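First up is the structure itself, then whatever we jot down about it.
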C-alpha cells in the first residue's frame, strides 16, 4: 500500500494550482524515498519536475514503487474541497485503480474522502543532466511574478541578461519597449528580500513570457525563487518546498534562426 | 527572428 500524510496539506493545494494550467495529466511516481513527478506541457517547450521527500510526510508508507496517473484538473477540483489547514493523506491500495484523498480537519472532527480514478498516461521522460550554470539569480518570488506580468504588457518574449551588476529583464513589441533592472542587494533586513547573482560568466537569453507567467503561479509556495542560466541551455526556475523538496520548471530558450 | 525549439532539442529522452 502507498500512503502519504501531509500535515501541511496546503502545500499540495499550492503545488497543484501552480502546475495545473501547464500540465493536464501527470504520473506521480511513488517510491520509498518519496514522491516525484516529471511532465512536459503539451507543446513540449517546458517541463515540470517535482520532488517531495518521504521525510516531509508524517507518516509515509510505500511498500513498492507505484505510478499514479492523475488528471490534474480533476485533482485541483477535489483539492478545492479541502480547507487550508487540513491534513491531507494520499492513499493507493496495491491492486486498486484509484487514488484516495483524505482531508482531515486539525481537530480531527471532520474527515472527507475522495476516490479519484487513475488514468493511463503515456508521457515522454527526459534526462536532465547536472549543469554548472553560468549565472544563478535568487530573488523574491513576488518580484519575479511582478516582472513577468509587467513585461507581458510589451510583448510575448523577454530577454534576461545577467551580469556582475545584476539582472536585467527587457521586452519590446509593437507598442514600445521596456526593461526592469535589479541590482544585487547590498544590505537587506531579511534574506528572503534579497536579490543575489552568482555569476560564472555574463549570459543573456530570450524566453517566451507565456511559460514564465505560468511558472510564476508557484510563487505562493516559496518566498524566493532561483533562476539558473547558461548559454543555449534551458532555463531552470526553482521553488523550494519548505524543507521537503522542490518544484522545478525548465524552459527552452528561443534561439536565432 | 527567433524560433522556439522544443526541450528534446536540449535534453535526451530517457
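Protein chains in written order, with our numbering: chain A, 472 to 728; chain B, 191 to 204.
Backbone N, C-alpha and C fix where the C-beta goes; we use that ideal spot for every residue, glycine too.
Just so we're clear, the structure is a prediction, and the values are computed from it rather than from any experiment.
Give the residues of chain B in contact with residue i, contact being defined as C-beta atoms less than 9 Å apart.
i: residue 515(A); result: 196, 197 and 198
i: residue 677(A); result: 192
Where does residue i land, buried or exposed, given buried means 16+ other C-beta within 10 angstroms?
i: residue 582(A); result: exposed
i: residue 609(A); result: buried
i: residue 480(A); result: buried
i: residue 697(A); result: buried
i: residue 646(A); result: exposed
i: residue 713(A); result: exposed
i: residue 442(A); result: Residue 442(A) cannot be examined here, being either before or after the span of chain A that is shown, 472 to 728.
i: residue 602(A); result: exposed
Residues of chain B with CB under 8 Å from residue i, in chain order?
i: residue 530(A); result: Within chain B, no residue comes near residue 530(A); the closest Cβ sits about 30 Å away, beyond 8 Å.
i: residue 604(A); result: Near residue 604(A) there are no residues of chain B at all, since even the closest Cβ is about 13 Å away, more than 8 Å.
i: residue 728(A); result: 191, 192 and 193
Can you pull the chain B neighbours of residue i, defined as C-beta to C-beta under 7 Å?
i: residue 625(A); result: Within 7 Å Cβ-Cβ: nothing; residue 625(A) doesn't reach chain B, min ~16 Å.
i: residue 497(A); result: Near residue 497(A) there are no residues of chain B at all, since even the closest Cβ is about 16 Å away, more than 7 Å.
i: residue 725(A); result: 192, 193 and 194
Grouping DSSP H, G and I as helix and E and B as strand, with all else coil, what is residue i?
i: residue 663(A); result: helix
i: residue 549(A); result: helix
i: residue 705(A); result: coil
i: residue 635(A); result: coil
i: residue 651(A); result: strand
i: residue 727(A); result: strand
i: residue 527(A); result: helix
i: residue 604(A); result: coil
i: residue 722(A); result: strand
Rounded to the nearest angstrom, how far is the Cβ of residue i from that of residue j, given a contact under 8 Å?
i: residue 547(A); j: residue 692(A); result: No, residue 547(A) and residue 692(A) are not in contact; Cβ-Cβ is about 15 Å, not under 8 Å.
i: residue 731(A); j: residue 679(A); result: With chain A represented from 472 up to 728, any question about residue 731(A) goes unanswered, as that position is not in the structure.
i: residue 726(A); j: residue 192(B); result: 6 Å
(message) By the 7 Å beta-carbon criterion, what residues does the region 700 to 718 of chain A contribute toward chain B?
(response) Answer set for the region 700 to 718 of chain A: 704 and 705.
(request) Check distances from the C-beta atoms of the region 502 to 527 of chain A to those of chain B and list, in chain order, the residues that come in under 8 Å. (result) Residues of the region 502 to 527 of chain A with a C-beta atom less than 8 Å from some C-beta of chain B are 511, 514, 515, 516, 517 and 518, listed in chain order.
(request) Note down, in chain order, all residues in the region 536 to 569 of chain A with a beta-carbon under 8 Å from any beta-carbon belonging to chain B. (result) Answer set for the region 536 to 569 of chain A: empty.
(request) Could you name the residues of the region 679 to 699 of chain A whose beta carbon sits closer than 7 Å to any beta carbon of chain B, in the order they occur along the chain? (result) Cβ contacts with chain B: 679.
(request) Using a Cβ-Cβ cut-off of less than 8 Å, give me the residues of the region 592 to 620 of chain A that come near chain B, in sequence order. (result) Residues 595, 596, 597, 598, 599 and 600.
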